[in-house]
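Here's the structure we're looking at; comments come further down.
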Amino acid sequence: MKISVVKEILNAEVICGEELLDEEVFSACGCDLMSDVLAFVKNQGLLLTGLNNPQVVRTAFMMDMKAIVFVRGKNPDDEVIQLAKLKDVIILKTDERLYSACGKLYSAGLI
Amino acid sequence: MENANLKLHYNVDKKDFINAGEASSSVKKVLRKLGVNPECIRNLAIAMYEAEINMVIHANGGTIDVDISPECIHVVLSDSGPGIPDIQRAMQEGYSTAGDNVRELGFGAGMGLPNIKKYSDDLKITSEIGVGTTVEIKVNIPS
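Those sequence lines, one after another, are chains A and B.
Here our numbering is used: position 66 in the first sequence is 100, and no number is missing along the way.
Here our numbering is used: position 43 in the second sequence is 325, and no number is missing along the way.
Structure below.
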């Protein structure tokens with residue numbers, strides 16, 4: 035699924051990485067605990083989270099993830115955005131809750 | 283990367299949670315430039331990142347030395363923190379001594395050392411109470 039489609043499904047706003055929206059992801063992970071993302075995630079290109087700090091971007095970078103969706107209308111801090119730009123990680127923001135955001139993407143075929 | 287090993291050195295600042303992980307990010311970038319197998323890069327990056335976070339959370343920072351050879355990546359993280367009283371217990375999933383401030387940041391769930399073990403080919407931890415801890419991580423590069 036292209037990130038541009040993720041954006042449409044979640045009615046999300048692009049915070050950074052607009053030029054990378056054609057990138058494709060094949061699976062996703064919804065989690066607020068970065069240690070669990072590092073422990074259990076494999077080849078997931080998209081991270082949905084309500085946690086808002088720079089370690090979210092670093093975790094995504096370490097895991098080769100392409101994009102982060104901040105749920106529950108969370109506005110990422112400036113240092114989060116700057117770090118994401120440096121590491122070419124796309125950031126989206128949606129008003130959906132984590133559960134509903136994951137549900138909508140799953141129903142659309144992103145496993 | 284022929285013959286000579288590449289050696290890198292980093293100082294990790296104490297209690298600088300915002301920048302924790304920058305050394306690991308930098309090593310990941312170097313390994314990508316060297317064209318190392320992506321799976322190896324990810325395994326090393328995750329193990330080193332967890333160890334670097336541990337250093338900031340528990341031990342007031344320290345130093346990291348990385349030695350990259352054609353066969354493996356060897357990372358030594360040394361701190362002069364409080365030491366680990368019971369390494370076996372610290373290796374158990376879910377066991378943590380981290381405070382709520384660390385948990386709020388998405389870490390401190392007792393997955394750090396188990397994750398380091400999971401993603402490394404060899405892990406050695408030596409620790410002395412009141413003196414410090416040394417964590418050695420090795421990830422092999424398949425030929």
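Ideal Cβ positions, reconstructed from N, Cα and C, are used throughout, including at glycine.
For Tyr377(B), which three-state DSSP category applies? DSSP, reduced to helix, strand and coil, places Tyr377(B) outside both helices and strands of the structure shown, so it counts as coil.
Name, in chain order, the residues that DSSP records as bridge partners for Asn293(B). Its beta-bridge partners are Thr345(B).
Give a yes or no on whether the minimum CB-CB distance between Ala327(B) and chain A is below 8 Å. Output row for Ala327(B): interface = yes.
Beta-carbon proximity of Ala118(A) to Cys50(A), cut-off 8 Å: Closer than 8 Å, so yes.
With 16 other CB atoms within 10 Å as the buried threshold, where does Ala341(B) fall? Buried is the call here.
Extent of the continuous alpha helix (DSSP H) to which Glu353(B) belongs: Taken as a continuous stretch (DSSP letters only), Glu353(B) belongs to no alpha helix (DSSP H), as it is neither H nor E.
According to DSSP, residues forming a beta bridge with Val358(B): According to DSSP, residue pairing for Val358(B) in a beta bridge involves Asp347(B), Glu418(B).
Ala101(A) bridges to which residues according to DSSP? Ala101(A) is bridged to Leu80(A), Ile124(A).
Where the region 368-380 of chain B meets chain A: residues whose CB sits under 7 Å from a CB there: Within the region 368-380 of chain B, not one residue has a Cβ closer than 7 Å to any Cβ of chain A.
Against chain B, which members of the region 67-81 of chain A pass a CB distance test of less than 7 Å? Within the region 67-81 of chain A, the qualifying residues are Leu67, Met68, Ser69, Asp70, Leu72, Ala73.
Give a yes or no on whether 8 Å exceeds the smallest Cβ distance from Met337(B) to chain A. Under the 8 Å criterion on CB atoms, Met337(B) is classed as non-interfacial with respect to chain A.
Please classify Ser378(B) as buried or exposed, where buried requires at least 16 neighbouring CB atoms within 10 angstroms. The residue is buried, with at least 16 neighbouring Cβ atoms inside 10 Å.
Cα-Cα separation, Asn77(A) to Met97(A): Annotation: Asn77(A) to Met97(A) spans about 8 Å, alpha carbon to alpha carbon.
Chain-ordered chain A contacts of Arg314(B) [CB-CB under 9 Å]: Per Cβ cutoff of 9 Å: no residues; Arg314(B) is ~10 Å from chain A at best.
Along the chain, where does the beta strand (DSSP E) that runs through Gly64(A) open and close? Segment 62-64, the beta strand (DSSP E) holding Gly64(A).
Under the three-state reduction of DSSP, which class applies to Met283(B): helix, strand or coil? With a pLDDT of 47 at Met283(B), under the threshold of 50, the modelled position of that residue is not reliable, and no figure is offered here.
Should Ile49(A) be counted as a contact of the ligand GTP given a C-beta to heavy atom distance under 7 Å? This structure does not include the ligand GTP; it has no bound ligands of any sort.
Helix, strand or coil, according to DSSP, for Glu334(B) in the structure here? Correct three-state label for Glu334(B): helix.
For Lys104(A), count neighbouring C-beta atoms within 10 Å of its own C-beta (all shown protein chains included) and say buried if the count is 16 or more, exposed if not. According to the sequence provided, residue 104(A) is Phe. The question's Lys does not apply to it. With 16 or more other Cβ atoms within 10 Å, it is buried.
Alpha carbon of Asp66(A) to alpha carbon of Ala101(A), nearest angstrom: Going by the C-alpha atoms only, they are around 15 Å apart.
Can you grab the Cα-Cα spacing for the pair Ile116(A) / Ser38(A), in whole Å? A small correction: the amino acid at residue 116(A) is Gln; Ile does not occupy that position in the sequence shown. So the alpha carbons of these two residues sit roughly 21 Å apart.
Please list, in chain order, the residues of the region 382-406 of chain B that have any C-beta partner in chain D closer than 9 Å. The question asks about chain D, but that chain is absent: this structure's protein chains are A and B.
Partners in chain A for Gly317(B), counting only beta-carbon separations shorter than 8 Å: Residues of chain A passing the Cβ test: none, with the nearest at roughly 15 Å.
Compare the C-beta of Ser306(B) against all C-beta atoms of chain A and say whether one is closer than 8 Å. Cβ-Cβ to chain A under 8 Å: yes for Ser306(B).
Give the single residue among Glu304(B), Lys310(B), Glu375(B), Gly412(B) whose Cα lies nearest to the Cα of Ile259(B). For chain B, the structure presents residues 283 to 425; residue 259(B) sits outside this window and is missing.
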